[in-house]
Amino acid sequence: MNDLESITLAPMSAGDIIDRAIRLYRRNFIALLRIVLPPSLLAYTGVIIYYLGVRNFTFDRGDARIALTALLVFAGGILWFLGKAAFYAVLGAASKTLVNHFFDGTPIRAIDVYRGLRERFWSLVGAGALVFMLVIGVVMLIYFLIVILVLIFTFAATQIGGHLPRWAQITAAVIFTTGVSVSVLLIILMTYSRIIYVPQVLMVEGKSAASAISRSFSLAGGEVRRIGAIMIFWFYVAWSLWILLMIPLGWYGYWSGVDITPFGAEVPFWYSVTQQTIVQISEILIAPIAMLAFTLLYIDSR
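To convert, count from 1 in the sequence shown and add 122; that's this note's numbering.
In structure tokens form, the structure reads like this:
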């Protein structure tokens with residue numbers, strides 16, 4: 123019997139999906155680590171190069187020093203972007219390997235994932251570009267909605283709020299801010315939930331980029347609750363792991379005289395590098411769980 127244990131026609135709850143994803147993660151930890159490690163190391167190298175450029179940038183040592191540090195900053199930024207793009211492309215390309223593993227027990231191997239990525243590379247790039255434009259459109263829509271709502275609230279507060287007691291004005295402001303924040307989160311969740319299956323459709327069903335987005339919209343139409351539950355679990359575990367790893371570094375930095383506040387101006391290079399190392403480790407350890415969970419949800423939705 124394979125790691126999925128059984129394939130039934132009964133739908134799984136979000137808890138069932140998370141439970142199976144965690145068990146699969148434990149059983150295939152090394153294979154999953156091999157899949158996500160190369161692009162993560164590329165992004166991490168970019169971060170180190172970027173901080174080297176920023177830390178050594180100065181106008182006091184001539185044009186050659188300025189050009190070198192600017193080149194380091196630019197190259198580091200490019201490597202970081204390419205590493206992140208490759209990281210999510212690899213996660214998407216792993217979908218077909220995971221589906222094969224779920225149904226017939228085919229071992230999860232990094233070489234199969236990267237072979238699939240090479241075969242469907244341009245489709246993934248095209249889908250990524252379309253999704254990016256969709257996200258930009260949603261962000262612009264959210265921005266304009268917020269501006270309009272703020273203008274309406276400001277006008278109402280100016281015309282009516284002056285006649286209300288102070289506690290009523292504060293209450294109205296809190297209710298307005300909460301309502302706008304919740305609405306924005308719901309729009310983001312609705313958008314994300316519609317495009318979550320794009321990599322799976324591309325890799326498993328072999329559709330084009332545009333068809334994959336359309337197919338993802340149709341499959342994910344009724345999955346907002348389960349997708350939301352998986353996302354909440356993912357963020358909770360990711361933040362918990364990050365905080366767990368950051369506490370020792372924060373204490374050591376504090377006792378070493380480092381300004382560990384988010385707005386600290388003089389942060390030592392070693393502290394910045396260690397902080398980014400923790401961020402990268404957290405991503406490497408947590409991302410495969412989400413990849414497994416959403417692939418299981420894709421199978422269950424079909």
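Positions of the beta carbon are idealized from the N, C-alpha and C atoms, including for glycine. Quick caveat: nothing in here was measured; it's all calculated off a predicted structure.
Item: E241 - DSSP class collapsed to helix/strand/coil; Value: helix
Item: Run of the alpha helix (DSSP H) containing V302, from where it starts to where it stops; Value: 288–317
Item: Candidates A409, P390, Y210, of which the one nearest W364 by Cα; Value: A409
Item: Beta strand (DSSP E) runs contained entirely in the region 128–187, provided each spans 3 or more residues; Value: none
Item: Cut-off 8 Å between Cβ atoms - residues of its own chain near E388, not counting five sequence neighbours on either side; Value: D381
Item: Segment limits, alpha helix (DSSP H) that includes R424; Value: Neither: R424 is in no alpha helix (DSSP H) and is coded neither H nor E.
Item: Exposure label - Q281; buried when at least 16 CB within 10 Å; Value: exposed
Item: Rounded separation between Y147 and I411 - CA only; Value: 6 Å
Item: Spatial neighbours of L220 in its chain, beta-carbon cut-off 6 Å, leaving aside the 5 residues before and after; Value: T417
Item: Cα-Cα separation, S362 to R237; Value: 34 Å
Item: Q397 beta carbon less than 9 Å from that of Y166; Value: no
Item: Reference V260, options L307, T228, R231, closest by Cα; Value: L307
Item: For G214, the nearest candidate out of I188, W244, P229 (CA to CA); Value: W244
Item: Q291 beta carbon less than 9 Å from that of Y420; Value: no
Item: Under 9 Å between C-beta atoms of A251 and A334; Value: no
Item: Rounded Cβ spacing between R242 and L324 (contact assumed at less than 8 Å); Value: 6 Å
Item: Exposure of R316, with buried meaning 16 or more beta-carbon neighbours within 10 Å; Value: buried
Item: Exposure of R288, with buried meaning 16 or more beta-carbon neighbours within 10 Å; Value: exposed
Item: Beta-carbon gap between A153 and A232 smaller than 9 Å; Value: yes
Item: Member of S404, W373, P133 whose CA lies at the smallest distance from the CA of Y393; Value: W373
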